[in-house]
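Notes follow the structure.
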Amino acid sequence: MNTAADTLASTSPSLLARVCNRRFASNYLSTLAFIGLAYWIVSTLSNFHKSTLQAQWHLGTFGVDAVITVHAVFLTLIALYAVILIPYYVAYPWMRSSAFAFLQGAWFAVLRRRSRRPTAAPAHTSASLPIGVRLNRHTKQAGLALLLKFFFAPLMINWSLVHIANLSGSLMGLFHGIESGFTGRVLFDTSLFWVAMQLILLVDTLLFTLGYIIEVPALGNRIRSVEPTFFGWFICLICYPPFNDMTLRFQRLRPIRTESPLAVRTGGLVADRSFTWCEADVRRPTSDRRRRDDR
7 MNTAADTLAS TSPSLLARVC NRRFASNYLS TLAFIGLAYW IVSTLSNFHK
57 STLQAQWHLG TFGVDAVITV HAVFLTLIAL YAVILIPYYV AYPWMRSSAF
107 AFLQGAWFAV LRRRSRRPTA APAHTSASLP IGVRLNRHTK QAGLALLLKF
157 FFAPLMINWS LVHIANLSGS LMGLFHGIES GFTGRVLFDT SLFWVAMQLI
207 LLVDTLLFTL GYIIEVPALG NRIRSVEPTF FGWFICLICY PPFNDMTLRF
257 QRLRPIRTES PLAVRTGGLV ADRSFTWCEA DVRRPTSDRR RRDDR
């Protein structure tokens, strides 16, 4: 009994020391500041986000008079982050959050630029615009990681909620179809196909969502690098709203017309399932893939 008490007494100061230090405060406060700023932008300033982030999950199909909105999900996740980040940064005291790394790198870049500025500038350059601050590679990667999360995380959370709502509705339709005696092709066309499709889409978007908002070194799912080139970002962004509206003006999606919709639907499910499986395998921690390959 005394041994347990002594162990608790010895570990308490170390835990308190990890919380009450500059590194923890810098990581924790900078991350919360970025999350708060991002939510303020998408909920107040950005008209695109205000018109796009409208996902809702009506629980009336389960006999509950309630609606889960995407903004309620955002606020819940922010509250969870505020709590979970405390033991997270305590467990990984050596880490630097992307927000802290970017702010620190940008601040040092400004200081370096100011220290290298000549004391007496020529008269003809006194009214010229200041030269842009040059950021190092690590600071740029941290900034790109923040930009990546800011752009994609709200969209993925919104789409995940949409697919959860659609999947619950499709499941209820499947149960009603079974109760009505539907079987075979009729059951597949009316409900089973949509259940499978919504499940695949949910798994796909959920993998992206977890990858963007959760980074745990123990799982090996930290963001190691982000595409640094303009062309790479351009190709990626034209596939997502609001930029894909312009893309679809040049390449419109056309419905597939065939005499065998069953084959097309089945092939689509197989293709989507294969894509999701490959994506899940890519996002699996490297150590897990190596252990699986060794077997």
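Counted the way our numbering counts, the sequence shown spans residues 7 to 301.
For glycine and all other residues, C-beta sits at the position ideal for the given N, C-alpha and C.
- Spatial neighbours of Gly183 in its own chain (CB-CB distance under 7 Å, excluding positions within 5 residues in sequence) are listed in chain order as Leu193, Thr196 and Ser197.
- Bounds of the alpha helix (DSSP H) holding Ile241 are Phe236 to Leu243.
- In the pairwise beta carbon analysis, the stretch 143-155 is classified as touching the stretch 231-239: at least three pairs are separated by under 8 Å.
- When Cβ pairs closer than 8 Å are counted between the two stretches, the stretch 111-119 is seen not to touch the stretch 52-62, the count staying below three.
- In the three-state reduction of the DSSP assignment, Thr189 falls in the coil class.
- DSSP lists no beta-bridge partner residue for Val96.
- In this chain, Val48 is not harboured by any beta strand (DSSP E), its DSSP state being neither H nor E.
- By DSSP's assignment, Thr37 forms no beta bridge with any residue.
- Three or more beta-carbon pairs drawn from the stretch 93-102 and the stretch 28-44 are found closer than 8 Å, and the two stretches are therefore classed as touching.
- Look at Val73 here: in three-state DSSP terms it is strand.
- The C-alpha of Ile241 lies about 43 Å from the C-alpha of Val70.
- Straight-line measurement puts the Cα of His77 at about 28 Å from the Cα of Arg102.
- Take Leu153, set aside five residues on each side of it, and no residue of its chain has a beta-carbon closer than 6 Å to its own.
- A contact is defined here as three or more CB-CB pairs under 8 Å, and the stretch 211-228 meets this definition with respect to the stretch 159-177.
- Shown here for Ser174: same chain residues with a beta carbon closer than 8 Å to its own, the five before and five after excluded, namely Trp63, Thr67 and Phe68 in chain order.
- Residue pairing for Trp165: DSSP places it in no beta bridge.
- The straight-line gap separating the alpha-carbon atoms of Ile229 and Ala61 is approximately 27 Å.
- Between Cys245 and the set Asn227, Phe158, Pro223 and Thr215, the nearest pair of CA atoms involves Phe158.
- In the displayed model, Gln110 falls within a helix according to three-state DSSP.
- If you ignore the 5 residues before and after Lys155, its C-beta comes within less than 6 Å of the C-beta of Tyr218, all in its own chain and listed in chain order.
- Under the three-state reduction of DSSP output, Gln60 falls in the coil class, being neither helix nor strand.
- For the pair Ala112 and Ser104, the Cα-to-Cα distance works out to about 12 Å.
- When the five nearest sequence neighbours on each side are left out, the beta carbons in the same chain lying within less than 7 Å of the beta carbon of Thr37 are those of Leu91, Ser103 and Ala105, in order along the chain.
- In the structure shown, Phe158 adopts helical secondary structure according to DSSP, grouped into three states.
- Leaving aside the five residues that flank Met178 on each side, the residues in its chain whose CB is nearer than 8 Å to its CB run, in chain order, Thr67.
- Per DSSP, the unbroken alpha helix (DSSP H) holding Asn250 starts and ends at Asn250 to Phe256.
- A check of alpha carbon separations from Val73 across Ala171, Ser186, Asp251 and Thr253 identifies Ala171 as the nearest.
- Spatial neighbours of Phe40 in its own chain (CB-CB distance under 7 Å, excluding positions within 5 residues in sequence) are listed in chain order as Ala105 and Leu152.
- Per DSSP, Leu207 is one residue of the alpha helix (DSSP H) stretching across Phe199 to Ile219.
- The alpha carbon of Tyr34 has as its nearest neighbour, out of Phe80, Leu243 and Ile84, the alpha carbon of Ile84.
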